[in-house]
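**Student:** Below you'll find the structure I mean.
Protein chains in written order, with my numbering: chain A, 398 to 828; chain X, 9 to 717.
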């Protein structure tokens, strides 16, 4: 990289997102592409950004539309942007938007681009339902058939079980283990009690509710007028339960291990629809256009481990790398945003930060240390706000920068766990 | 003309003109070219192309129509066209390669050729718009089109002047092929070669069942003609002679004893001399001239600021309406209102208009999605920071307007133009709150915005000419007919409308029935009568506008009693589903709501005033007011007044507009009528002094001969 010149500092000009809606509710008629387009259009409207200033759109999504797999291109082909704006999509499971931001930052740092919109979107109300292998074979054969009798003969091979559609599962292809089962396993391995998980979930809901009430959390979202009638207007994250109690959470039955389990619908993030986007620029470009960035990217890092081990534990490996690249320690951080896939995962990650075993795995001599809870997910997280896979990374980036600004802090870090045993961390700074 | 392998390639490219028209010189040249093709034994066939990028042939040069002094002149010109096109039709094979607009005489030319190819370019569109000028196709169009596409399809085009795109033209059999523009020339030459070699023949189009039942036999045709005539009469209320003449000409082509071409020439001649055609041709010239008028008289003309982003304040009926025409013009729109519920209603209203385009297949689904994404709503001023133009359509209250002007100026960039969509408040007064009054003007759209063609731009003495030019230019981009008027109560459109509506209200005061008032003015040629109009615009809006002009102009605008009483009873017109007429749940209009008479001064007692007198009382008040607007300098020209009245308030197009109407009646007769009305209704019909002067001098607003504008 350095042979191409000095790297440039990357500014996070601002970020915006749709409210997050539980799957099957307000946004059920909107595709991820539509949510992404609405979000990027609003980002441009709010920043008074002229399309001609944009170099590229980088977008992430986890469950892509089969007919339009390059979501970034579909989003970029909007009336607010010239058709010549570059676009590519990225996939890093739940860290997809983070990867989009990292890709964009790289292009800016390298001096290839000056202004990139990065983000992600997900509609878990609209996942593609596939035909079974058997039925797919029949359809392909019928497609090749030259006459009616060949077509009929192809269809005659259909068996009743072939007609059962296949819905994508949130499961690891290599291990067959579902995300929830992985979280359940992590709870057991790291000795995370049911009560501590429920308490953490409750904390998430209470803090998010407070953030919505005082407007800190609402500031990062815009009202979505839901077509076609626009009578429904999404103005807030509809998964946040202000009135949640420990008793209510304790009453829920474990989902993945009914006998000895501790992971419930209450301490796991819900299936969610939504989109988020951030506007990234070189520091010079942001200055030239008169923007006051909400933050700057100081470093980022990613890590991976065996999905059969502890699927969602890779942030423990990514965070030290990002901090090292930033030249900082845990104590230097004013805020930490940790994506909450499951309470068990957050608590396992925090446990890992403190453990000698994970320190050594990360190549450290000593553990990273204990995270000050007063600095962690101060407006809740995915457990309460919701988790549209492809969009979450954009949300945590925006939330982190905005809150760092409000608190007058200097450094903040975000971490995101992702399927496949992947982890991502980014360190941001102010001014 | 070039000759390639025995094929003559004729390219029509009228020098120095944006479009090809059949000027006298062009006609002569074309005749020569085709004579040469017939004479030259080396030429076996021909291809005809246009040298213009987006136009094939726009038709006859309309200025040549002004040369006709008698019907015989016009008839002769039609016969000359017949002879010229017959020579083509009877000669060597000609392939007509159509790219871009193909209108009138251009279409008739194409019909005379032996093979037609249209490109699939969006600009390619074929029409016979003669009826829109009060004429009929005069170069064989009424004969060759039915022969080619069948009676029903032909009438559909000829009676309305509607445009047919390439795909539809191919379906109809109007063209034989549709190709990409890049291969038009090559394919045309290939077809010409094949036609010359005899390896390709045009095959007769297959007739559909409906066509066989109706078009292909005399009884069926009689039914088609009767239906078509009923349709024309229902639509034109019998005031437009051209579509009826077109029917006669087409029918003559099917009759055994008549000669269709002779009938076409004779009727073309008669129509060319008709007052209806003269006025429609005037409007063609007036609107064409208006398109070149940027509304300011400064040299050099300032360059217009392009409007890429438009801010709209107020997501109500007008605000959403403006958004619905701005988005299709390629503008990014930010629409603000006080709360999300209002913004939502505005977005839904925009979607209605866009959906209509989708249903009519004017746009594809992705285009529709883009049109909707171009418009976004907000309850704060975010997104106004890069607006080039902000139009306010908020509540009609000076204090509110002042506040929003200041708010806009705090967020919008310094170059931004601020336009008020006010219909009642003087622009100068609104601009007085501005730190940049030179950038504040009026853009008065008419409701419903996506349907009403007029945009009245109101300027005040302090305006920067560049601001005016920019607003005019953007208004045209929105597809509007733009007139620039000076500031004053009611501006132009509402000011001339007020005494007209008021006169209708005074007739109600006297006990005249609602139907007889509306019927009289519809027969005069207005699209709806004045009482229906009041229901449509809303009684609140109408009375508010009435009060403003009454305050400014005193006795001649003193309000009638009836409309006041009806609004006091809480009837707002269509929007409240209660007015002078009945409305059902969906807002569909029914007959007169006779219970409304209980609210009127004479109650259920009716009196009668003859229709002629009703028309005179209403229309002459309007005519006089229009002259006063010109006299006061509100209007920059009589032309603007005529175009404004026709496109803004529905003045009958075949009467040209108030000024053209006065010219036709004669200023002295108009003054005499006004004087007589003034004696009966003192203070209301005092003839404008300039009009009295014209009556004395025997002068007119427009030249009696030649090009009117």
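Glycine is no exception: its CB is placed at the ideal position from the N, C-alpha and C atoms. Since this is a predicted model, take the numbers as computed values, not measurements.
Report the residue ranges of all alpha helix (DSSP H) runs contained in full by the stretch 512-564 of chain X; include only those spanning at least 4 residues, in chain order.
**Tutor:** 522-532, 538-545, 547-561
**Student:** Near residue 720/X, which residues of its chain fall below 8 Å by C-beta distance, leaving aside the five closest residues on each side in sequence?
**Tutor:** Residue 720/X cannot be examined here, being either before or after the span of chain X that is shown, 9 to 717.
**Student:** Listed from N- to C-terminal order along the chain, which residues in the stretch 350-370 of chain X have their beta-carbon within a distance smaller than 9 Å of any beta-carbon of chain A?
**Tutor:** Result list: 351, 352, 353, 354, 355, 356, 359, 363.
**Student:** Measure from the C-beta of residue 657/X to each C-beta in chain A and report whether the shortest distance is under 8 Å.
**Tutor:** no
**Student:** One question on the structure: do residue 96/X and residue 125/X come within less than 8 Å of each other, judged by their Cβ atoms?
**Tutor:** Going by beta carbons, residue 96/X and residue 125/X fall outside the 8 Å limit.
**Student:** Can you check whether the C-beta of residue 837/A is within less than 8 Å of a C-beta belonging to chain X?
**Tutor:** Any question about residue 837/A goes unanswered here, given that chain A covers just 398 to 828.
**Student:** Just list the alpha helix (DSSP H) runs in the stretch 623-654 of chain A, keeping only unbroken ones of 4 residues or longer that don't cross its boundaries, in chain order.
**Tutor:** Listed in chain order, they are 643-647.
**Student:** Hey, out of 31/X, 695/X, 680/X, 647/X, whose CA is closest to residue 303/X's CA?
**Tutor:** Restricting attention to 31/X, 695/X, 680/X, 647/X, the CA atom closest to the CA of residue 303/X is found in 647/X.
**Student:** In chain X, which residues lie with their C-beta within 9 Å of the C-beta of residue 630/A?
**Tutor:** Here the neighbours are 348, 349, 351, 352.
**Student:** When the Cα atoms are used, what is the spatial distance from residue 31/X to residue 629/A?
**Tutor:** 59 Å
**Student:** Three or more C-beta pairs closer than 8 Å, one from the stretch 522-542 of chain A and one from the stretch 421-431 of chain A: is that the case here?
**Tutor:** yes
**Student:** Can you find the residues in the same chain that come closer than 8 Å, C-beta to C-beta, to residue 458/A, ignoring five residues on each side of it along the sequence?
**Tutor:** 429, 433, 468, 486, 488, 493, 517, 518, 519, 786, 787
**Student:** Could you give the distance in angstroms between the alpha-carbon of residue 744/A and the alpha-carbon of residue 704/A?
**Tutor:** 18 Å
**Student:** According to DSSP, is residue 455/X part of a helix, a strand, or is it coil?
**Tutor:** coil
**Student:** If you drop the 5 nearest sequence neighbours on each side, which residues of the same chain put their C-beta closer than 7 Å to that of residue 200/X?
**Tutor:** 15, 53, 54, 55, 101, 103
**Student:** Does the beta-carbon of residue 602/A have 16 or more other beta-carbons within 10 angstroms, so that it is buried, or is it exposed?
**Tutor:** buried
**Student:** Please name the residues in the stretch 380-397 of chain X whose beta-carbon is closer than 9 Å to at least one beta-carbon of chain A, in chain order.
**Tutor:** If the cut-off is 9 Å between Cβ atoms, the stretch 380-397 of chain X has 380, 381, 382, 384, 385, 386, 387, 390, 391, 392, 393, 394, 395 near chain A.
**Student:** Quick check: the Cα distance between residue 555/X and residue 333/X, rounded to an integer number of angstroms?
**Tutor:** 30 Å
**Student:** Within the 8 Å Cβ cut-off, does residue 462/A reach chain C?
**Tutor:** Given the protein chain composition of this structure (A and X), no chain C is represented.
**Student:** Thinking C-alpha only, which one of 542/A, 543/A, 509/A, 563/A is nearest residue 530/A?
**Tutor:** For the residues 542/A, 543/A, 509/A, 563/A, the minimum Cα distance to residue 530/A belongs to 563/A.
**Student:** If the cut-off is 7 Å on Cβ atoms, which residues from the stretch 444-459 of chain A count as contacting chain X, listed in chain order?
**Tutor:** Here the close residues are 445, 447.
**Student:** Give me, in chain order, the residues of the same chain whose beta-carbon lies closer than 8 Å to that of residue 192/X; leave out the 5 immediate sequence neighbours on both sides.
**Tutor:** 57, 105, 107, 125, 127
**Student:** Would residue 425/X count as contacting chain A if we go by Cβ distances under 8 Å?
**Tutor:** For residue 425/X, not one C-beta of chain A is nearer than 8 Å to its own C-beta.
**Student:** In terms of alpha-carbon separation, which member of 753/A, 677/A, 414/A, 781/A lies closest to residue 455/A?
**Tutor:** 677/A
**Student:** Hey, which unbroken runs of the alpha helix (DSSP H) at 4 residues or more fall wholly within the stretch 648-708 of chain X?
**Tutor:** Scanning the stretch 648-708 of chain X for uninterrupted alpha helix (DSSP H) segments of 4 residues or longer gives 666-673, 675-688, 697-705, listed from N- to C-terminal end.
**Student:** For residue 452/X, does the count of other Cβ atoms within 10 angstroms reach 16, so buried, or fall short, so exposed?
**Tutor:** buried
**Student:** Measure the CB-CB distance between residue 142/X and residue 335/X and report whether it falls below 8 Å.
**Tutor:** no
**Student:** Under DSSP, the beta strand (DSSP E) around residue 495/A begins and ends at which residues?
**Tutor:** Here residue 495/A belongs to no beta strand (DSSP E); instead the alpha helix (DSSP H) covers 493-506.
**Student:** When the distance is taken between beta carbons, is residue 65/X closer than 8 Å to residue 28/X?
**Tutor:** yes
**Student:** Excluding the 5 residues flanking residue 399/A on each side, which residues of the same chain have their C-beta closer than 8 Å to its C-beta?
**Tutor:** Caution applies to residue 399/A, whose pLDDT of 39 falls short of 50 and renders its modelled position unreliable; the value that the coordinates give is listed next. The beta carbon of residue 399/A lies closer than 8 Å to none in the same chain, with the five residues before and after it left out.
**Student:** Taking the alpha helix (DSSP H) that residue 293/X falls in, what are its first and last residues?
**Tutor:** 283-299
**Student:** How would you list, in chain order, the residues of chain A whose beta-carbon sits under 7 Å from the beta-carbon of residue 728/X?
**Tutor:** With chain X covering only 9 through 717, there is no way to say anything about residue 728/X.
**Student:** In whole angstroms, what is the alpha-carbon distance linking residue 683/X and residue 580/X?
**Tutor:** 35 Å
**Student:** What are the boundary residues of the alpha helix (DSSP H) that residue 264/X is part of?
**Tutor:** Element bounds for residue 264/X: n/a, residue is neither H nor E.
**Student:** With burial defined as no fewer than 16 other Cβ atoms inside 10 Å of the residue's Cβ, what is the status of residue 468/X: buried or exposed?
**Tutor:** Buried: at least 16 other Cβ atoms inside 10 Å.
**Student:** Starting from residue 317/X, trace the alpha helix (DSSP H) in both directions and tell me its first and last residue.
**Tutor:** Taken as a continuous stretch (DSSP letters only), residue 317/X belongs to no alpha helix (DSSP H), being part of the beta strand (DSSP E) at 317-321.
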